[in-house]
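Participant: What follows is a single structure, and I will ask about it in a moment.
Residue numbers (my numbering): 936 to 1500.
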């Protein structure tokens, strides 16, 4: 996804990752929480923990000629990869019966944990549900041999060892696996497989199921039948440290079978690392992917550390609740709302936080809207200290840019008059002669200028509020509009907005939408396969909500149902 629009969504969203369950544990508040075998046998120090929640549902969506499968194939080329895998192994990853025949239990979730070693290379551990460990062990050896059919001289017979009464199998230097509670557990090093088995002891406090952040996430998590994938990310974590890998080459006496055919013992390892106190601004991030045949939803949650000074400052910048001008118009195609104390944010980023994620995003947005058109280099941004509203409606002329209105409350800005004068003076210099001028709109003084793409924009002040728009009729209507009020509205357009909202963006597209045409052209330039998918989108929404020190972002894509066209 390299086109600019998707880049911006990725920036706003750029945050990643999570989980699911099946056995009992209790949190500090005494609430009953259900944990799966994978959660209980994954280190809390792992950086990422992922769960494929509903395998049959995922396979169903990937097999359908739907928007979900189209996007997945465009991004990951999964159809080609699964076909190649099928041709090599005989296993069709997109067929329930084929997976059952191979020994997988598709009615349980599959998992993967990820950590980074000191050399920054990642190592993955897979937790795959199987119907019979014995059959799965034989099938896995067959699968490895099929995948290596072009290398007939390779020794692909597993060495069998025992560690804490669990059989551990090794093939070559970097394939280790064992079975625990009906899960086939596969990883690339001996220290990782040992860590998994160590967590089987009941007194272990190092597992993900004992992690307070993970428990917090589990207790807040809501699931439904449309959930496909969840990911849990704990910044700053790492997996087993300073532990030597077991290999046939390095330690043959401990990895090969004994002469009597019985299993040997795996070499001991240093103790697993304990938990470290978190001093980072972010406790954890989760991503939940949901999909149906006509929409895709991504829910991203960030839990921040309320003891961290940066997290406190960020929480203090966000202002929640509905506010601003609300124009009730059937032609409205987009409404975008962002509520921050921009004065605090601006000072925060000017201070010593230029490289933080929020400041990089903030500066990128300022650059994208070409703010230096309005402000001189010496001007500061003293206000607004609340929200910005941007409202769009379809142009009367097909193919013409949508009408837009930017509404910024300035009534609390002490130097607003000076700021407005500086803005108009700066614009007059940048757009001299016939490219700028003054006119009255409903007895209100306004300044206008014509952009490089021949778009006329007016800027004016009314009741200490700033209005910027490209259509005089639309500006006139906005001057007479009411403050934001959702009472009595039947439009699902605003259904996600409430008193916890600090961010809301909703765009409706039809076949003649200027913005949609622009999106399609940009997508075609960067990735032609995405263009037909974007052409089927009729609604994109992004909602941001704040709950104490937790932040939720909900991105939803709704698609045209081809059958209803």
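Each residue gets a CB set at the ideal place from its N, CA and C atoms; glycine is no exception.
From what residue to what residue does the beta strand (DSSP E) around residue 1375 run?
Facilitator: Segment 1371–1376, the beta strand (DSSP E) holding residue 1375.
Participant: List in chain order: all unbroken beta strand (DSSP E) runs of 3+ residues lying wholly within the stretch 1111–1159.
Facilitator: The stretch 1111–1159 contains these whole beta strand (DSSP E) runs: 1118–1122.
Participant: Looking at the unbroken beta strand (DSSP E) that takes in residue 1061, where does it start and where does it end?
Facilitator: Residue 1061 -> beta strand (DSSP E) spans 1057–1064.
Participant: Could you spell out the range, first to last residue, of the beta strand (DSSP E) harbouring residue 1081?
Facilitator: From DSSP, residue 1081 is part of no beta strand (DSSP E) but of the alpha helix (DSSP H) over 1068–1082.
Participant: Flag this pair as yes or no: are the beta carbons of residue 1271 and residue 1101 separated by less than 9 Å?
Facilitator: No. Outside cutoff.
Participant: State buried or exposed for residue 1037, treating a residue as buried only when at least 16 other CB atoms are found within 10 Å of its CB.
Facilitator: Flag for residue 1037 reads buried.
Participant: Assign residue 1483 to one of three DSSP states: helix, strand, or coil.
Facilitator: In this structure, residue 1483 counts as coil in the three-state DSSP scheme.
Participant: Suppose the cutoff is 6 Å on Cβ atoms and the five residues either side in sequence are ignored; what does the same chain contact list for residue 1146 look like?
Facilitator: Hits under 6 Å: 979.
Participant: Quick check on the DSSP output: the alpha helix (DSSP H) that includes residue 1009 runs from which residue to which?
Facilitator: Residues 1002–1011.
Participant: When you compare each of 981, 1468, 1099, 987 to residue 1129 by their alpha carbons, which one comes out closest?
Facilitator: Among 981, 1468, 1099, 987, the Cα nearest to that of residue 1129 is on 1099.
Participant: When the Cα atoms are used, what is the spatial distance from residue 1237 to residue 1355?
Facilitator: Residue 1237 and residue 1355: Cα-Cα distance of roughly 37 Å.
Participant: Between residue 1029 and residue 994, which are expected to be in contact by the criterion C-beta below 8 Å, what is the C-beta distance as a whole number of angstroms?
Facilitator: Residue 1029 to residue 994, Cβ: 6 Å. Contact.
Participant: When the Cα atoms are used, what is the spatial distance from residue 1389 to residue 1338?
Facilitator: Each residue's alpha carbon lies about 14 Å from the other.
Participant: Report yes if the C-beta distance between residue 1234 and residue 1217 is below 9 Å; otherwise report no.
Facilitator: No, they are not a contact pair.
Participant: Considering residue 1322, what are the terminal residues of the beta strand (DSSP E) in which it resides?
Facilitator: It spans 1322–1328 - the beta strand (DSSP E) in which residue 1322 sits, taken as one unbroken run.
Participant: May I ask which residues mark the beginning and end of the alpha helix (DSSP H) holding residue 1248?
Facilitator: First-last of the alpha helix (DSSP H) with residue 1248: 1244–1252.
Participant: With distance defined between alpha-carbon atoms, name the residue in 1360, 1039, 1090, 1253 nearest to residue 1434.
Facilitator: The option with the nearest alpha carbon to residue 1434 is 1253.
Participant: Measure the beta-carbon distance from residue 1093 to residue 1106 and round it to whole angstroms, keeping in mind my assumption that it falls under 8 Å.
Facilitator: Right, their Cβ atoms sit about 5 Å apart.
Participant: If residue 996 and residue 1004 are in contact, beta carbons under 8 Å, what's the gap, nearest whole angstrom?
Facilitator: Sure, about 6 Å apart at Cβ, within 8 Å.
Participant: By how many angstroms is the C-alpha of residue 1474 removed from the C-alpha of residue 1002?
Facilitator: Going by the C-alpha atoms only, they are around 13 Å apart.
Participant: So the alpha helix (DSSP H) residue 1340 belongs to, where does it begin and stop?
Facilitator: Element bounds for residue 1340: not the alpha helix (DSSP H) but the beta strand (DSSP E), 1338–1344.
Participant: My output table needs one value for residue 989: the three-state DSSP class, helix, strand or coil.
Facilitator: In this structure, residue 989 counts as coil in the three-state DSSP scheme.
Participant: Could you work out which residue in 1051, 1065, 1022, 1134 is closest to residue 1084 when comparing CA atoms only?
Facilitator: The residue with the shortest Cα to Cα distance from residue 1084 is 1022.
Participant: So what's residue 1297 in DSSP terms, helix, strand or just coil?
Facilitator: In the structure shown, residue 1297 sits in a helix (DSSP, three-state: H, G or I).
Participant: Among residues of its own chain, excluding the 5 on either side of residue 1122, which ones have a beta-carbon nearer than 6 Å to its beta-carbon?
Facilitator: Only 1060, 1111, 1128 meet the Cβ criterion.
Participant: For residue 990 and residue 1027, I'd like the C-alpha separation in whole angstroms.
Facilitator: So the two alpha carbons sit approximately 13 Å from each other.
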